[in-house]
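>
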């Protein structure tokens, strides 16, 4: 019996734990195995492929950080240039007269429109020419429609609470804005005024703003 046990021990020596080198080899083999989900086919990736994958993944954040150049259209719209505009104020003859002024305007037409109206609200360079709109009137925004209609959104405490002025003053103020917009923007034929973002029936109770207004040639000096 002892001889049989001795022989068995010689034939089947106990297996020792894998050495560090063997363990690393197994890990490397496991890393190189990829299972194809379709059909469960097993493929081994060469180590060079692994290196390429690592390089591609590392390059993704760098590529994402690269800034894209601005489009030419955006550059044109944001470009500011000095342009001579005509602002219409009331003359002693109670007619609208154009006053030339150099203004820095952006290429964006809606933005330029808002700036031109703000210049009108600053009043004439001639202190003797009366201001047509209340001093606290502001331009909240402006935009253009393809049909040739410009919308100008006005605001300010006086227009919001009620402008107590006469019919002539309101008439001249309203059409000074209309004439100024149409004269400086050829694509515009009519102007619609809003107050605080809402359609306005009137500015002071005398001139209807229920529709877009075209210029009134009889109010403009020749």
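Numbering (the working numbering), first residue to last: -16 to 205. Using N, Cα and C, we set each Cβ at its ideal position, and we do this for glycine too.
Buried or exposed for residue 76, going by 16 or more other Cβ atoms inside 10 Å?
Sequence index remark: in the chain shown, residue 76 carries index 93 (1-based). Exposed is the call here.
> Taking all protein chains shown into account, decide if residue 120 is buried (16 or more other Cβ within 10 angstroms of its Cβ) or exposed.
Here residue 120 refers to the residue found at position 137 when the chain shown is read from its first residue. Buried, by the Cβ-count rule.
> Could you tell me if residue 199 is buried or exposed, where buried requires 16 or more neighbouring beta carbons within 10 angstroms of its beta carbon?
The residue you call residue 199 lines up with position 216 of the chain shown. So residue 199 counts as exposed.
> Looking at the unbroken beta strand (DSSP E) that takes in residue 81, where does it start and where does it end?
Translated into positions along the chain shown, residue 81 becomes position 98. Element bounds for residue 81: 79 to 89.
> Tell me which residues share the same chain as residue 50 and place their Cβ nearer than 8 angstroms to its Cβ, disregarding the 5 neighbours each side in the sequence.
As a working note, residue 50 is residue 67 in the chain shown. A caution first: residue 50 carries a pLDDT of 44, below 50, which makes its placement in the model unreliable, though a value can still be read off. Nothing meets the Cβ criterion.
> Just the C-alpha distance for residue 192 and residue 158, rounded to the nearest angstrom, thanks.
On the chain shown, residue 192 is found 209 positions in, with the first residue counted as 1. On the chain shown, residue 158 is found 175 positions in, with the first residue counted as 1. Each residue's Cα considered, the two are about 11 angstroms apart.
> Quick check: what's the CA-CA separation for residue 190 versus residue 196?
Reading the chain shown from its first residue, position 207 is the one you call residue 190. Reading the chain shown from its first residue, position 213 is the one you call residue 196. Cα to Cα, residue 190 sits roughly 11 angstroms from residue 196.
> Expressed to the nearest angstrom, what Euclidean distance is found between the alpha-carbon atoms of residue 96 and residue 160?
Along the chain shown, read from residue 1 onward, the residue named residue 96 stands at position 113. Along the chain shown, read from residue 1 onward, the residue named residue 160 stands at position 177. About 11 angstroms.
> My guess is that residue 146 and residue 187 are in contact by the Cβ rule of under 8 angstroms, so how many angstroms apart are they, rounded?
In the chain shown, residue 146 corresponds to position 163, counting from 1. In the chain shown, residue 187 corresponds to position 204, counting from 1. With 8 angstroms as the limit, residue 146 and residue 187 qualify as a contact, their Cβ atoms being about 4 angstroms apart.
> Between residue 103 and residue 114, what straight-line distance do the alpha-carbon atoms span, to the nearest angstrom?
Here the question's residue 103 lines up with position 120 in the chain shown. Here the question's residue 114 lines up with position 131 in the chain shown. Each residue's alpha carbon lies about 9 angstroms from the other.
> Taking the alpha carbon of residue 70 as the point to measure from, which residue in 81, 61 and 151 has its own alpha carbon closest?
In the chain shown, the residue the question calls residue 70 occupies position 87. Minimum Cα distance to residue 70 is reached at 81.
> Residue 125 lies in the beta strand (DSSP E); which residues open and close that run?
Here residue 125 is taken as the residue at index 142 of the chain shown, counted from 1. Run containing residue 125: 121 to 127, per the beta strand (DSSP E) assignment.
> Under DSSP, the beta strand (DSSP E) around residue 154 begins and ends at which residues?
Walking along the chain shown from the start, residue 154 turns up at place 171. Residue 154 -> not in any beta strand (DSSP E); alpha helix (DSSP H) instead, spanning 150 to 167.
> Anyone know if the C-beta pair for residue 62 and residue 90 falls short of 8 angstroms?
Taking the first residue of the chain shown as position 1, residue 62 is located at position 79. Taking the first residue of the chain shown as position 1, residue 90 is located at position 107. Yes.
> Excluding sequence positions up to five away, which residues of its chain have a Cβ less than 7 angstroms from the Cβ of residue 74?
Working through the chain shown from its first residue, we reach residue 74 at position 91. The residues are 80 and 204.
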